[in-house]
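Here's the structure, in structure tokens; my notes come after.
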């Protein structure tokens, strides 16, 4: 993040005397301004065309700027900050086998049945910021829609990661909330990578479009992606939650402190670490005090492209378990306010081994009592 006080910290390349490079920056306007007018005024004064404009996640834009333009923006009292665009990617690791869904309704590991209330997230909507979604997959039963693309020119899931995540949230066989409506917002390309500016545009769209969908029981958002800590990504994530949506985010796969990553470091998001089928913290999972809950993440089987399935691992797989259980709880009548705390309250305590002292030992559980089991 850049401010007038930190201008001297800009890379030396920005001060090159000949043909200074142009780079993409994310610009956030101060709150309280008339959004469209403020953004348009700044863009007009710079004489640039934006890559994206933001109105709902926050007021601002992303554009390719020369160093002198950055200096001009830093001197503008209407600008809160200017941040260089950064890279984000999926949090996926190796392949394996299935077990995670049954763990959500069992008191012990190695269960083979998933028991749940048959409301199953009906009346809820899940927005998935990812590589897209293969909405034609029969596992989605017509409840899935590819909503928008900010990553490339291919309006399909060219990778499979987004379809896998969506399947964990709400597919008929592998989903936690089997009756939820699913909306894919593509912000990552076929290699599973993208830019902060595109991710923020995806959040901006969700903040705008969510209320237009038929979601009487509530809305959840999942972000199984991340990159280095970013003030702009965190600001947009916070606004999503403040707008009344539940946001689950992956903690990250570097075995490091999740507070160094975004959106994992945003306090208002529900940040999720990953466990294995033996109730051990996954070695790759990021940790730290910012993590809210733990969820199955290793060797998770879910939907894939062309109506196939695949087993993959990562905090990318843990986060949609939490988004799914959030939709499930909303479907039973819980409110979105305080929902991450409610999920933590329902979780199994001290059941995971290998958890460091600065990280919660809370393994998510749906709290379902057997009697009219579904599986």
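In mature numbering (1 follows the signal peptide of the UniProt record, and there is no 0), the protein residues as written are -15 to -1, 1 to 360.
Beta carbons are placed, not taken as given, at the ideal position from N, Cα and C, and that holds for glycine.
If we ignore side chains and look at the alpha-carbon of each, how far apart do residue i and residue j end up?
{"i": "residue 292", "j": "residue 54", "result": "48 Å"}
{"i": "residue 178", "j": "residue 103", "result": "36 Å"}
{"i": "residue 87", "j": "residue 143", "result": "29 Å"}
{"i": "residue 350", "j": "residue 240", "result": "24 Å"}
{"i": "residue 120", "j": "residue 284", "result": "23 Å"}
{"i": "residue 99", "j": "residue 159", "result": "10 Å"}
{"i": "residue 127", "j": "residue 340", "result": "40 Å"}
{"i": "residue 249", "j": "residue 229", "result": "19 Å"}
{"i": "residue 200", "j": "residue 107", "result": "9 Å"}
{"i": "residue 316", "j": "residue 69", "result": "40 Å"}
{"i": "residue 225", "j": "residue 314", "result": "19 Å"}
{"i": "residue 347", "j": "residue 318", "result": "22 Å"}
{"i": "residue 50", "j": "residue 9", "result": "6 Å"}
{"i": "residue 181", "j": "residue 338", "result": "34 Å"}
{"i": "residue 290", "j": "residue 140", "result": "14 Å"}
{"i": "residue 204", "j": "residue 165", "result": "10 Å"}
{"i": "residue 333", "j": "residue 268", "result": "20 Å"}
{"i": "residue -2", "j": "residue 7", "result": "Its pLDDT being 39, under 50, residue -2 is placed unreliably by the model, and nothing is read from it."}
{"i": "residue 28", "j": "residue 208", "result": "30 Å"}
{"i": "residue 20", "j": "residue 255", "result": "28 Å"}
{"i": "residue 345", "j": "residue 252", "result": "14 Å"}
{"i": "residue 218", "j": "residue 197", "result": "24 Å"}
{"i": "residue 138", "j": "residue 39", "result": "20 Å"}
{"i": "residue 58", "j": "residue 343", "result": "39 Å"}
{"i": "residue 52", "j": "residue 30", "result": "15 Å"}
{"i": "residue 62", "j": "residue 25", "result": "16 Å"}
{"i": "residue 286", "j": "residue 312", "result": "20 Å"}
Report yes if the C-beta distance between residue i and residue j is below 8 Å; otherwise report no.
{"i": "residue 48", "j": "residue 35", "result": "yes"}
{"i": "residue 237", "j": "residue 271", "result": "yes"}
{"i": "residue 12", "j": "residue 37", "result": "no"}
{"i": "residue 76", "j": "residue 90", "result": "no"}
{"i": "residue 278", "j": "residue 329", "result": "yes"}
{"i": "residue 167", "j": "residue 233", "result": "no"}
{"i": "residue 161", "j": "residue 310", "result": "yes"}
{"i": "residue 145", "j": "residue 295", "result": "yes"}
{"i": "residue 243", "j": "residue 191", "result": "no"}
{"i": "residue 288", "j": "residue 65", "result": "no"}
{"i": "residue 235", "j": "residue 210", "result": "yes"}
{"i": "residue 331", "j": "residue 352", "result": "yes"}
{"i": "residue 195", "j": "residue 169", "result": "no"}
{"i": "residue 184", "j": "residue 67", "result": "no"}
{"i": "residue 109", "j": "residue 15", "result": "no"}
{"i": "residue 105", "j": "residue 163", "result": "yes"}
When DSSP builds the beta bridges, which residues end up paired with residue i?
{"i": "residue 247", "result": "212"}
{"i": "residue 242", "result": "272"}
{"i": "residue 178", "result": "74"}
{"i": "residue 14", "result": "64"}
{"i": "residue 201", "result": "In DSSP, residue 201 forms no bridge with anything."}
{"i": "residue 303", "result": "Answer is none; residue 303 lacks a bridge partner."}
{"i": "residue 109", "result": "203"}
{"i": "residue 124", "result": "None, per the DSSP bridge assignment."}
{"i": "residue 115", "result": "171"}
{"i": "residue 281", "result": "260"}
{"i": "residue 8", "result": "50"}
{"i": "residue 295", "result": "287"}
{"i": "residue 255", "result": "233"}
{"i": "residue 39", "result": "45"}
Under a Cβ-count criterion, where at least 16 other Cβ atoms within 10 Å of its own Cβ denotes burial, should residue i be classed as buried or exposed?
{"i": "residue 95", "result": "exposed"}
{"i": "residue 213", "result": "exposed"}
{"i": "residue 281", "result": "buried"}
{"i": "residue 17", "result": "exposed"}
{"i": "residue 85", "result": "buried"}
{"i": "residue 42", "result": "buried"}
{"i": "residue 97", "result": "exposed"}
{"i": "residue 32", "result": "exposed"}
{"i": "residue 216", "result": "buried"}
{"i": "residue 189", "result": "buried"}
{"i": "residue 60", "result": "exposed"}
{"i": "residue 193", "result": "exposed"}
Answer yes if the stretch 132 to 139 comes into contact with the stretch 292 to 304, meaning at least three C-beta pairs across the two stretches below 8 Å, and no otherwise. no
Do the stretch 260 to 276 and the stretch 310 to 323 touch if we need at least three Cβ pairs shorter than 8 Å? no
Contact between the stretch 109 to 117 and the stretch 147 to 164: three or more CB pairs below 8 Å? yes
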